[in-house]
Amino acid sequence: MSANGDSAPTTVPGATKPIDIQVWVPTHERLMSIDKGMAPSSPTLPSPTIRRNKSDGKLMAQDIKEARVRVIYTGGTIGMMRNERNVLAPIPNALVRSIRKYPNIHDEEYALRRFGASASMAPLVLPFVQGMDRRVLYQVTEYTPLLDSSNMTMHDWARIANDIQQSYEFFDGFVVLHGTDTLSYTASALSFMLENLGKTVIITGSQIPIFETRTDGKDNFTSALIIAGNYVIPEVCIFFGHKLMRGNRTVKVSSNSLDAFDSPNVPPLARIGIDVNVDYRLIFRPCSIERFCVHLNLDENVGLLRIFPSISLSTFRAFLAPPIRGVVLQSFGSGNIPSNRRDLIEELQAAADRGVIIINCTQCPNGSVAEIYDTGKVLCDLGVIPGYDMTPEAALSKLAYVIGKEDWSLDVKKQMMQSNLRGELTSVTAPKMEDYDLVDAVARSLHLSSPQELDQLGATLFPAMINGAVAEGDLKKINNLKAYGADLSGTNHDQRTALHLACQLGDVEIVKYLLHNGVSVHVRDRYDRTPLLEAVSTDSHEIIQLLINCGAHLTGSSRAVGEQLCAAAARGSLTRLKSYQYAGADLSQPDPSGRTVLHVAALHGFPEVVEYVLPYFESASEKDLLGLSALNYAERGGHAALVDLLKAAGCEA
Numbered sequence: 001m002s003a004n005g006d007s008a009p010t011t012v013p014g015a016t017k018p019i020d021i022q023v024w025v026p027t028h029e030r031l032m033s034i035d036k037g038m039a040p041s042s043p044t045l046p047s048p049t050i051r052r053n054k055s056d057g058k059l060m061a062q063d064i065k066e067a068r069v070r071v072i073y074t075g076g077t078i079g080m081m082r083n084e085r086n087v088l089a090p091i092p093n094a095l096v097r098s099i100r101k102y103p104n105i106h107d108e109e110y111a112l113r114r115f116g117a118s119a120s121m122a123p124l125v126l127p128f129v130q131g132m133d134r135r136v137l138y139q140v141t142e143y144t145p146l147l148d149s150s151n152m153t154m155h156d157w158a159r160i161a162n163d164i165q166q167s168y169e170f171f172d173g174f175v176v177l178h179g180t181d182t183l184s185y186t187a188s189a190l191s192f193m194l195e196n197l198g199k200t201v202i203i204t205g206s207q208i209p210i211f212e213t214r215t216d217g218k219d220n221f222t223s224a225l226i227i228a229g230n231y232v233i234p235e236v237c238i239f240f241g242h243k244l245m246r247g248n249r250t251v252k253v254s255s256n257s258l259d260a261f262d263s264p265n266v267p268p269l270a271r272i273g274i275d276v277n278v279d280y281r282l283i284f285r286p287c288s289i290e291r292f293c294v295h296l297n298l299d300e301n302v303g304l305l306r307i308f309p310s311i312s313l314s315t316f317r318a319f320l321a322p323p324i325r326g327v328v329l330q331s332f333g334s335g336n337i338p339s340n341r342r343d344l345i346e347e348l349q350a351a352a353d354r355g356v357i358i359i360n361c362t363q364c365p366n367g368s369v370a371e372i373y374d375t376g377k378v379l380c381d382l383g384v385i386p387g388y389d390m391t392p393e394a395a396l397s398k399l400a401y402v403i404g405k406e407d408w409s410l411d412v413k414k415q416m417m418q419s420n421l422r423g424e425l426t427s428v429t430a431p432k433m434e435d436y437d438l439v440d441a442v443a444r445s446l447h448l449s450s451p452q453e454l455d456q457l458g459a460t461l462f463p464a465m466i467n468g469a470v471a472e473g474d475l476k477k478i479n480n481l482k483a484y485g486a487d488l489s490g491t492n493h494d495q496r497t498a499l500h501l502a503c504q505l506g507d508v509e510i511v512k513y514l515l516h517n518g519v520s521v522h523v524r525d526r527y528d529r530t531p532l533l534e535a536v537s538t539d540s541h542e543i544i545q546l547l548i549n550c551g552a553h554l555t556g557s558s559r560a561v562g563e564q565l566c567a568a569a570a571r572g573s574l575t576r577l578k579s580y581q582y583a584g585a586d587l588s589q590p591d592p593s594g595r596t597v598l599h600v601a602a603l604h605g606f607p608e609v610v611e612y613v614l615p616y617f618e619s620a621s622e623k624d625l626l627g628l629s630a631l632n633y634a635e636r637g638g639h640a641a642l643v644d645l646l647k648a649a650g651c652e653a
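Under the UniProt record's numbering, the first residue of the sequence shown carries the number 1, and numbering increases by one thereafter.
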């Protein structure tokens with residue numbers, strides 16, 4: 001049991017049978033069971049993602065927007081406290097209790113307004129942050145036992161990945177608290193295991209615990225929460241030392257500096273100073289219309305072999321011997337080994353002939369492998385795969401992931417190792433942009449020159465131009481704007497993306513194009529609306545299905561969804577109810593007054609709505625807060641046919 005009442009995660013890497021877990025639903029409603037193996041509500045559509053539940057929280061004013069972040073506390077220095085001997089140590093079940101006492105990490109006043117008497121067991125609340133759109137509510141799950149990161153194994157990576165998958169639709173982002181020693185390995189592994197990731201996952205730790213007077217832990221933790229709750233960065237990232245870095249590009253560079261991590265070959269995705277500055281152009285986005293899923297099968301028969309002068313043949317041979325299936329060869333400089341060591345070359349050739357995948361990475365912290373020297377070309381001729389500028393941590397994790405894909409042939413696995421799967425490498429050939437830059441042209445006419453002015457101009461111009469092309473249905477113009485450097489995921493002043501507009505307009509082809517180009521389905525605009533909600537509001541069923549296939553799901557309070565369902569029932573809009581059902585809503589969800597679509601349709605006399613929704617109710621006799629059932633409403637509305645229909649369905653007054 002975690003410190004805040006969560007059930008301990010049930011994780012069986014590679015399990016195929018349904019897993020039944022307990023999750024605190026982050027709409028702040030009562031614990032409920034989620035059966036991942038439940039039958040879909042429709043033979044052609046996925047099962048609902050918002051379940052029937054009761055609510056313990058209060059409805060907040062509509063102008064207060066909230067984000068929900070799950071924190072997975074695995075262990076590490078960041079959560080340590082001083083024990084009775086005044087020595088720092090991990091203390092089970094103490095993290096959340098201590099956080100509740102710290103007003104700069106938890107807003108007790110807001111929690112009391114939000115959750116009332118249950119505030120002491122409800123999610124934690126980050127204090128208001130100036131300039132951020134949403135209050136961040138975060139739920140901490142603590143692992144038992146707490147792990148020193150030096151003891152982390154691939155099974156622990158699978159456990160973290162599985163926990164993210166089990167609660168993926170209930171949270172806007174994820175923060176993993178982790179020890180620093182193997183943090184880069186975990187981040188690299190998760191970046192591959194979390195396939196088609198559409199939400200922000202941040203791994204962080206610290207050199208000094210959160211609760212020490214002088215600490216980097218508080219800044220790392222709160223900054224990670226702020227970014228995970230307010231920004232859609234669909235990558236596994238590391239936050240450390242005021243920088244958000246791509247996880248599979250990051251290495252630990254110091255054992256005692258507060259800037260312990262660096263990304264030597266790729267700039268940070270974001271920097272936190274007075275403001276949060278995100279470089280959206282650097283974000284590596286999924287570009288397929290597929291749902292988020294997790295690959296848990298990692299092959300442990302992989303290793304790192306660092307070349308050094310006069311390495312012995314026996315050491316070299318022993319390392320390449322079975323059952324090894326993949327090797328990261330850390331070579332000199334730009335990818336060189338001693339070309340006069342025929343014994344080593346013959347051992348590499350023999351291993352490659354046995355099907356061992358060998359990746360050549362440089363020992364240097366910066367730079368890439370290249371075939372510019374004869375000693376480097378020797379490896380290429382042996383079939384050794386260039387690792388380009390991958391870090392050793394990323395190369396090893398990627399090998400374990402790729403070799404674990406049992407349905408891939410050896411040739412496919414080798415090709416995947418050379419491919420940029422998650423932004424982990426820079427290949428030799430990169431796509432070229434047009435020489436003519438639209439932003440530069442406009443900047444010259446406006447006499448703008450500073451980098452800040454140019455960035456601001458691009459952030460203003462491109463979203464407006466892209467939205468104009470979307471409104472015109474002009475795919476060619478959108479493609480041209482992309483070639484000129486436009487970020488198709490950019491937002492306008494209302495924080496709406498081109499995907500919001502395309503879904504609102506019902507343009508299927510443009511929606512497909514934007515999804516294939518990595519535009520996120522999870523971005524919420526100034527009014528808290530996602531592209532999926534736009535598609536629901538226009539009853540674009542084909543687009544709803546596309547978005548669902550890409551991992552979209554309804555967000556916000558389930559009671560708010562209940563209100564919308566009841567509003568549709570009051571109009572007799574069966575089409576809108578179907579739209580919500582296709583989007584994953586539970587048609588039996590009540591509104592804040594306890595009324596369901598069955599109550600409202602019975603009151604207003606819409607038999608076709610009643611007939612459609614009845615199969616989605618466990619009991620047709622459920623009562624609202626006034627103690628009235630759907631049958632009561634049908635009787636008071638004078639709808640005799642509906643009274644008969646409800647009685648036949650077993651509805652009681």
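Glycine included, each C-beta is placed from N, C-alpha and C at the ideal position.
Separation of ALA634 and GLU608 (C-alpha to C-alpha, rounded to the nearest whole angstrom) is 14 Å. Within the DSSP secondary-structure output, MET245 pairs in a beta bridge with ILE238. Assignment of TYR280 by DSSP, reduced to helix, strand and coil, places it in the helix class. Counting along the chain, ALA260 sits inside no alpha helix (DSSP H), nor does DSSP assign it H or E at all. 7 Å or more divides the Cβ of SER206 from the Cβ of THR362.
According to DSSP, residue pairing for GLN330 in a beta bridge involves ARG306, CYS361. For LEU379, the closest alpha carbon among the candidates ILE358, SER397, ILE403, PRO268 is that of ILE358. For ALA187, the closest C-alpha among the options PRO392, GLY229, PHE128, MET132 is that of PRO392. PRO209 carries a coil assignment under DSSP once its states are collapsed to helix, strand and coil. The region 387 to 403 and the region 319 to 336 touch, with no fewer than 3 CB-CB distances between them shorter than 8 Å.
Your pair THR491 and VAL521 does not check out as a contact, with CB atoms roughly 14 Å apart and the cut at 8 Å. In this model, LEU614 and ALA620 are separated by some 7 Å (Cα to Cα). For LEU574, same chain residues with a beta-carbon under 7 Å away, outside a window of 5 residues either side, are GLU608, VAL609, TYR612 in chain order. LEU124 and HIS106 do touch by the CB rule: their CB atoms are close to 5 Å apart, below 8 Å. Per DSSP, the beta bridge partners of MET81 are ALA89.
GLY217 and ALA260 have their C-alpha atoms some 12 Å from each other. Residue range 173 to 177 is occupied by the beta strand (DSSP E) that includes VAL176. Of the other Cβ atoms in all chains shown, fewer than 16 fall within 10 Å of the Cβ of PHE308; this residue is therefore exposed.
Under DSSP, the beta-bridge partners assigned to ASN336 are PHE332. Considering only ASP591, LYS512, ASN162, the residue with the shortest C-alpha distance to CYS293 is ASN162. Looking at the DSSP output, LEU124 sits in a beta bridge with TYR138. Rounded to the nearest whole angstrom, the C-alpha separation of MET81 and SER558 is 38 Å.
Rounded to whole angstroms, the Cβ separation of ALA486 and ILE466 is 6 Å, and the two are in contact under 8 Å.
Beta-bridge pairing by DSSP links LEU194 to VAL294. GLU169 carries a helical assignment under DSSP once its states are collapsed to helix, strand and coil. Only buried fits THR200, as 16 or more other CB atoms lie within 10 angstroms of its CB. Three or more beta-carbon pairs separated by less than 8 Å link the region 210 to 229 to the region 171 to 178, which places the two stretches in contact.
With respect to LEU348, TYR388 sits apart: the two C-beta atoms are not nearer than 7 Å. The C-beta distance from PHE284 to GLU235 rounds to 6 Å, short enough to meet the 8 Å contact threshold. Inter-segment contact for the region 260 to 277 and the region 239 to 248 is present: three or more beta-carbon pairs are separated by less than 8 Å. ILE385 sits away from GLN415, with the two beta carbons spaced by 7 Å or more. When the beta-carbon positions are compared, SER588 and ASP624 stay at least 7 Å from each other. LYS647 and LEU628 have their C-alpha atoms roughly 15 Å apart. Distances from the CA of ASP156 to each of SER312, GLY173, LEU183 were compared; the closest alpha carbon is that of LEU183.
Burial state of HIS500 is buried, judged by a 10 Å Cβ sphere holding 16 or more other Cβ atoms. Excluding the 5 residues flanking it on each side, LEU126 has same chain C-beta neighbours closer than 8 Å at ILE105, HIS106, ASP107, ARG135, VAL136, LEU137, TYR138, THR222, LEU225, ILE226, GLY229, in chain order.
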